[in-house]
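Written below as structure tokens is the structure these notes are about.
Protein chains: 2
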Amino acid sequence: MAAPLHVDAAGLRADLEALARIGATPAGGIDRSSFGDAHLAARAWFLARAQRAGLRTRVDAAGNHSAILGGGKRAFLLGSHLDSVPGGGNFDGALGVVAALHVLFAVAGAGAAPPVALEAIDFTDEDGTLVGLLGSWALAGALTSDVLRAPRGGREALLAGLERAGLREQGLYDARRDPAQLAGYLELHIEQGPVLERAGAQIGVVTSIVGSRSLRLRFHGEANHAGTTPMGERRDAGLAAAAFAVATESLVAREFPGAVATVGDLRLEPGAFNVIPGRAVLSLEFRAAEAATLDRLEHALLVCARREAEARRVDLEIEPVGRWEPTPLDAGACDAIERAAERLGLRALRMPSGAGHDAQALAGVTRAGMVFVPSVGGISHDPRELTSWEDCAHGADVLLGAVLELAGG
Amino acid sequence: MAAPLHVDAAGLRADLEALARIGATPAGGIDRSSFGDAHLAARAWFLARAQRAGLRTRVDAAGNHSAILGGGKRAFLLGSHLDSVPGGGNFDGALGVVAALHVLFAVAGAGAAPPVALEAIDFTDEDGTLVGLLGSWALAGALTSDVLRAPRGGREALLAGLERAGLREQGLYDARRDPAQLAGYLELHIEQGPVLERAGAQIGVVTSIVGSRSLRLRFHGEANHAGTTPMGERRDAGLAAAAFAVATESLVAREFPGAVATVGDLRLEPGAFNVIPGRAVLSLEFRAAEAATLDRLEHALLVCARREAEARRVDLEIEPVGRWEPTPLDAGACDAIERAAERLGLRALRMPSGAGHDAQALAGVTRAGMVFVPSVGGISHDPRELTSWEDCAHGADVLLGAVLELAGG
Chain A
116 MAAPLHVDAA GLRADLEALA RIGATPAGGI DRSSFGDAHL AARAWFLARA
166 QRAGLRTRVD AAGNHSAILG GGKRAFLLGS HLDSVPGGGN FDGALGVVAA
216 LHVLFAVAGA GAAPPVALEA IDFTDEDGTL VGLLGSWALA GALTSDVLRA
266 PRGGREALLA GLERAGLREQ GLYDARRDPA QLAGYLELHI EQGPVLERAG
316 AQIGVVTSIV GSRSLRLRFH GEANHAGTTP MGERRDAGLA AAAFAVATES
366 LVAREFPGAV ATVGDLRLEP GAFNVIPGRA VLSLEFRAAE AATLDRLEHA
416 LLVCARREAE ARRVDLEIEP VGRWEPTPLD AGACDAIERA AERLGLRALR
466 MPSGAGHDAQ ALAGVTRAGM VFVPSVGGIS HDPRELTSWE DCAHGADVLL
516 GAVLELAGG
Chain B
116 MAAPLHVDAA GLRADLEALA RIGATPAGGI DRSSFGDAHL AARAWFLARA
166 QRAGLRTRVD AAGNHSAILG GGKRAFLLGS HLDSVPGGGN FDGALGVVAA
216 LHVLFAVAGA GAAPPVALEA IDFTDEDGTL VGLLGSWALA GALTSDVLRA
266 PRGGREALLA GLERAGLREQ GLYDARRDPA QLAGYLELHI EQGPVLERAG
316 AQIGVVTSIV GSRSLRLRFH GEANHAGTTP MGERRDAGLA AAAFAVATES
366 LVAREFPGAV ATVGDLRLEP GAFNVIPGRA VLSLEFRAAE AATLDRLEHA
416 LLVCARREAE ARRVDLEIEP VGRWEPTPLD AGACDAIERA AERLGLRALR
466 MPSGAGHDAQ ALAGVTRAGM VFVPSVGGIS HDPRELTSWE DCAHGADVLL
516 GAVLELAGG
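Same order as they appear, the protein sequences are chains A and B. Quick note on the numbering used here: the first sequence kicks off at 116 and runs consecutively. Quick note on the numbering used here: the second sequence kicks off at 116 and runs consecutively.
So, in structure tokens, the structure goes:
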């Protein structure tokens, strides 16, 4: 058996460093919210980098950017995304896109082109400042008008973003690909958690992606003077929201081990020192590995929210804004990833993903697999997000080995 | 004894209605943040209204706007303010300024001018979107550079506001008046609480103004991925802040009856569904009638804040942004207000003020008194803030009777 191919580790690093300069923040991370200037610049960089290496490029009706090697009716996709959360890090998404490009470079360089096209793809709006998995859902034909009507980031932001990117809302549906034309999907991503680092493993073989739901909770109380309104007569919307946030923490710890719930944002109105908040808007997200657990957790969270609202005579309005079902990944893809790691002498660990990824959209229409590499300190969605250059190269090499096996025969 | 003078109740109402149109919000209240367009327009309306009635006008170096009747070296001041909290109501401040004007109109009309000048004054920035009591502190000579360096609304907003109003920071100190030139101060204001309405009283005689302190609390945790970071490994700054807010509620109820504490604002960063908040900035205000109680309350609150921060391995930074000492008002002024109400056949009630007012700045340099009128439902700092036109006129009549007694002899 021939020695496994490797990607150009130095080139991979140089390209990741170049990309990290686009939308760089003073804190050392990046801010590439979907369709913002930095995001559009990063996507332009991707196309130019691919063209410079002699690859064909393509932008579909959902704004997904692709670089393509080889021909044929079917394509094996390798991807991730170049958008980020506000104040994000340099590896989330970017590593998978740049590694996909370098896999194509390595295959082209070795003259090892498989019988299907290889396509490195940068999906639109994975991280959800607008919708979340927008591009991959569109490609998988799973985008619904319900989601577009009430997107996570607000309808106005979505429409403004599409216009900035030169896209049309109706056109998004045209990005759907016939599943018969898809040969498979692989994604390299940082773990974004502490599991691999703790276990001393270099490669994570992702067996499934947990499900997640997002709700927006609006508490309506009564704005009033903070000096003249006795404590017992207040209808403080901010306190109802705060008490709910605190209750989620103990509820999950007590009754839902392994699940997570997060209050990521909370806005009080009018928001002055001397006015009791009349209104509080809270962003809630929770995740679990099984749909039944998600159902039970949602029910328990909403019981908490109603209890804290009633205790303060505050009205509660609940708006679902996102729903991602738990998704098992392809067993054959998992095996191929594990074998690729083994051939490279890397220690691999099978694990679920607590984070959502484009792979979960693709899993509905083709065999999909994911490779994780360790996150230092488990930190991500933060400027200090870090994966060693060595681990980045290991991940890209595993991606290369797995795609050659899966797309090759 | 002659029948007591009355203000022109219909004219008072018409002027209050005219003023309510300046900065009107769709919700039926007003938004006249200090030095914003609507605030500057309201102040221009005040000067024009006074000049149309033949009064002299004056704007001092702190932007305080005055209308003056009569001459002499000494002036008896009647005032309040035309700025508002964001999303405020139509009576807070405006009633006192318009009533002061109508007292001058009534005195002028009756040819009853007392031996000192009567000055209706609209103080700058009472409600604290910038500093709080800025104009009255300046006039009383109590403004300090400490306060201006770290104002409640932020240093940048203060400098921008001063520039919009054509004022200079150094000039603010020049607004100081020699106490020997002040004959006294009276202020009519809505109660902003439920006490008078509950007691069936028409007039509140304010015996003291409670003290208040404002602090900005910054919780520094660790932003991280909301899906991949187990609950037990988070350093969630938002939860620390929320737990503190909830703890203030029970602390005050349990150990500080009569005092109040309010978390009026809370901002989480970065503020996304799928990111654990790394930073939370909280606006805290608390009030009590005695300085010793304020000290004990502040200590107890900060113990709570440190406890909740430590429980979540979050760092805490505490910034004092405002401090108003409890202020007793003048006993002679209280008696004069009570007698004026009695002559008009109105039921008066002695009470402390839970809200801060310009009177507390003036009390340091001259005999100061305050008249309260009922707030329907105790609601204020809200578009639904309401005082009946009849109660407005009663308050203005009491103001008129009291100033004639206090300034007359």
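Quick reminder that beta carbons are idealized off the backbone N, C-alpha and C, glycines included. The structure displayed is predicted, hence computed values, not measured ones.
Q | the stretch 374-394 of chain A: positions lying closer than 9 Å to chain B by Cβ | A | Near chain B, meaning a CB-to-CB distance below 9 Å, the residues of the stretch 374-394 of chain A are A374, V375, A376, T377, V378, G379, D380, L381, R382, L383, E384, P385, G386, A387, F388, N389, V390, I391, P392 and G393.
Q: Thinking V486 (chain B) and I452 (chain B) are a contact (beta carbons under 8 Å), I'd like their distance in whole angstroms, please.
A: Locating residue 486 (chain B) in the second sequence gives position 371, where the first residue counts as 1. Locating residue 452 (chain B) in the second sequence gives position 337, where the first residue counts as 1. Rounded, the Cβ-Cβ distance is 6 Å, consistent with contact.
Q: At 9 Å on the CB atoms, spell out the chain A contacts of V262 (chain B), in chain order.
A: Numbered from 1 along the second sequence, position 147 holds the residue referred to as residue 262 (chain B). Within chain A, no residue comes near V262 (chain B); the closest Cβ sits about 14 Å away, beyond 9 Å.
Q: For G469 (chain A), return the contacting residues in chain B, with the cut-off set at a CB-CB distance below 7 Å.
A: Residue mapping note: residue 469 (chain A) aligns to position 354 of the first sequence, counting from 1. Neighbours of G469 (chain A) on chain B, chain order: G342 and T343.
Q) Which one or two residues does DSSP pair with R173 (chain B) in a beta bridge? A) Numbered from its first residue, the second sequence carries residue 173 (chain B) at position 58. Note: R173 (chain B) is bridge-paired with B:S181 in the DSSP secondary-structure output.
**Q.** Collapsed DSSP secondary structure at L514 (chain B) in the structure displayed
**A.** As a working mapping, residue 514 (chain B) is identified with position 399 in the second sequence. If DSSP states are grouped into helix, strand and coil, L514 (chain B) belongs with the helices.
Q. Does DSSP put E423 (chain A) in a helix, in a strand, or in coil?
A. In the first sequence, residue 423 (chain A) corresponds to position 308, counting from 1. In this structure, E423 (chain A) counts as helix in the three-state DSSP scheme.
Q) Counting pairs of Cβ atoms below 8 Å between the stretch 388-395 of chain B and the stretch 379-391 of chain A, do you hit three or more? A) Touching, yes, given that three or more Cβ pairs across the two stretches are closer than 8 Å.
Q. Who does F401 (chain A) pair with in a DSSP beta bridge?
A. One-based indexing of the first sequence puts residue 401 (chain A) at position 286. A:R328 and A:A376, per the DSSP bridge assignment.
Q) Mapping DSSP to helix, strand and coil, what is H414 (chain A)? A) Taking the first residue of the first sequence as 1, we reach residue 414 (chain A) at position 299. In the three-state reduction of the DSSP assignment, H414 (chain A) falls in the helix class, which pools H, G and I.
Q: Locate the alpha helix (DSSP H) running through D130 (chain A), then write down its first and last residues.
A: Taking the first residue of the first sequence as 1, we reach residue 130 (chain A) at position 15. Here the alpha helix (DSSP H) through D130 (chain A) covers A124 to A135.
Q: Could you check the C-alpha separation between E520 (chain A) and E457 (chain A) for me, to the nearest Å?
A: Along the first sequence, one-based indexing puts residue 520 (chain A) at 405. Along the first sequence, one-based indexing puts residue 457 (chain A) at 342. One C-alpha to the other measures close to 13 Å.
Q. Which residues does DSSP pair with P498 (chain B) in a beta bridge?
A. Your numbering for residue 498 (chain B) matches position 383 in the second sequence. Per DSSP, none; premise fails for P498 (chain B).
**Q.** Rounded C-alpha distance that separates G187 (chain A) from A235 (chain A)
**A.** Within the first sequence, residue 187 (chain A) is the residue found at index 72, counting from 1. Within the first sequence, residue 235 (chain A) is the residue found at index 120, counting from 1. Note on geometry: alpha-carbon atoms of G187 (chain A) and A235 (chain A) lie some 15 Å from one another.
**Q.** Assumed close pair I433 (chain B), L366 (chain B) - CB separation to whole angstroms, cut-off 8 Å
**A.** One-based indexing of the second sequence puts residue 433 (chain B) at position 318. One-based indexing of the second sequence puts residue 366 (chain B) at position 251. Actually they are not in contact, since the Cβ atoms of I433 (chain B) and L366 (chain B) sit about 16 Å apart, beyond 8 Å.
(Q) With a threshold of 8 Å between beta carbons, is V200 (chain A) in contact with chain B? (A) Translated into the one-based positions of the first sequence, residue 200 (chain A) becomes position 85. Yes, its Cβ sits closer than 8 Å to a Cβ of chain B.
Q: Show which residues of chain A have a CB atom less than 7 Å away from the CB atom of A368 (chain B).
A: Walking along the second sequence from the start, residue 368 (chain B) turns up at place 253. Contact annotation for A368 (chain B) against chain A: M346 [CB-CB distance below 7 Å, chain order].
Q.
Could you tell me the alpha carbon to alpha carbon distance between R350 (chain B) and E413 (chain A), rounded to whole angstroms?
A. The count along the second sequence starts at 1 and reaches residue 350 (chain B) at position 235. The count along the first sequence starts at 1 and reaches residue 413 (chain A) at position 298. Taking C-alpha positions only, R350 (chain B) is separated from E413 (chain A) by approximately 23 Å.
Q | Environment of T239 (chain A) [buried if 16+ CB atoms lie within 10 Å] | A | Within the first sequence, residue 239 (chain A) is the residue found at index 124, counting from 1. Buried.
**Q.** Where the beta strand (DSSP E) containing H472 (chain A) begins and where it ends
**A.** Along the first sequence, one-based indexing puts residue 472 (chain A) at 357. It is not in any beta strand (DSSP E) - H472 (chain A) carries neither H nor E in the DSSP assignment.
Q. Looking at C-beta atoms only, is the number of pairs between the stretch 152-171 of chain B and the stretch 208-222 of chain B that lie closer than 8 Å three or more?
A. Judged by Cβ distances under 8 Å, the stretch 152-171 of chain B makes contact with the stretch 208-222 of chain B, as three or more pairs qualify.
Q.
When you compare the stretch 204-214 of chain B with the stretch 288-305 of chain B, are there three or more beta-carbon pairs, one atom per stretch, that lie closer than 8 Å?
A. Yes, they touch.
Q: Under 6 Å Cβ to Cβ from V320 (chain B), same chain only, skipping five residues before and after it: list those, please.
A: The residue you call residue 320 (chain B) lines up with position 205 of the second sequence. Same-chain partners within the cutoff: C449, I452, E453, A463 and R465.
Q. Under a CB-based cut-off of 8 Å, is G524 (chain B) close to chain A?
A. Along the second sequence, read from residue 1 onward, the residue named residue 524 (chain B) stands at position 409. Reliability of the predicted coordinates at G524 (chain B) is poor, the pLDDT of 49 falling under 50, and the value obtained from them is presented with this limitation in mind. Chain A, which has no Cβ nearer than 8 Å to the Cβ of G524 (chain B), makes this no.
Q: In angstroms with no decimal places, state the Cα-to-Cα distance between G268 (chain B) and E384 (chain A).
A: To locate residue 268 (chain B), count along the second sequence from 1; it is residue 153. To locate residue 384 (chain A), count along the first sequence from 1; it is residue 269. Cα to Cα, the separation comes out at about 16 Å.
Q) Which residues, taken in chain order from the stretch 473-506 of chain B, show a beta carbon closer than 7 Å to some beta carbon of chain A? A) In summary, the residues of the stretch 473-506 of chain B whose CB is separated from some CB of chain A by less than 7 Å are G493, I494, S495, H496 and D497, in the order they occur in the chain.
Q. How many Å lie between R394 (chain B) and A476 (chain B) at the Cα?
A. Your numbering for residue 394 (chain B) matches position 279 in the second sequence. Your numbering for residue 476 (chain B) matches position 361 in the second sequence. Whole-angstrom Cα-Cα distance: 36 Å.
Q. Rounded to whole angstroms, how far is the Cβ of A253 (chain B) from the Cβ of A177 (chain B), which I believe are closer than 8 Å?
A. Here residue 253 (chain B) refers to the residue found at position 138 of the second sequence. Here residue 177 (chain B) refers to the residue found at position 62 of the second sequence. Between A177 (chain B) and A253 (chain B) the Cβ distance is about 4 Å, and since that is below 8 Å, they are a contact.
Q) DSSP puts R438 (chain A) in a beta bridge; with which residues? A) Along the first sequence, one-based indexing puts residue 438 (chain A) at 323. In the DSSP output, where bridge partners are listed per residue, R438 (chain A) has A:R328.
Q.
What ranges does the alpha helix (DSSP H) occupy inside the stretch 263-322 of chain B, keeping only unbroken runs of at least 4 residues that lie completely in it?
A. Runs found: 270-279 and 310-314.
(Q) Taking the straight line between their C-alpha atoms, what separation do you get for P498 (chain A) and R499 (chain B)? (A) The residue labelled residue 498 (chain A) in the question sits at position 383 within the first sequence. The residue labelled residue 499 (chain B) in the question sits at position 384 within the second sequence. If you take the alpha carbons of P498 (chain A) and R499 (chain B), they lie about 45 Å apart.
Q. Is the stretch 435-447 of chain A touching the stretch 283-297 of chain A, taking contact as three or more C-beta pairs under 8 Å?
A. With contact defined as three or more Cβ pairs closer than 8 Å, the stretch 435-447 of chain A and the stretch 283-297 of chain A are not in contact.
Q | DSSP-derived helix/strand/coil call for G211 (chain A) | A | If you number the first sequence from 1, residue 211 (chain A) lands on position 96. The answer is helix: DSSP assigns G211 (chain A) an H, G or I state.
Q | Helix, strand or coil at G524 (chain A) according to DSSP, with G and I counted as helix | A | Taking the first residue of the first sequence as 1, we reach residue 524 (chain A) at position 409. Residue placement at G524 (chain A) cannot be trusted, given a pLDDT of 49 that sits under 50; the coordinates are not used to answer.
Q. Hey, is Q307 (chain B)'s beta-carbon within less than 8 Å of any beta-carbon in chain A?
A. On the second sequence, residue 307 (chain B) is found 192 positions in, with the first residue counted as 1. Yes, Q307 (chain B) counts as interfacial toward chain A.
**Q.** Cutoff 8 Å: D130 (chain B) Cβ touching any chain A Cβ
**A.** As a first step, residue 130 (chain B) is located in the second sequence; it is residue number 15 there, counting from the start. It does not; no Cβ of chain A falls within 8 Å.
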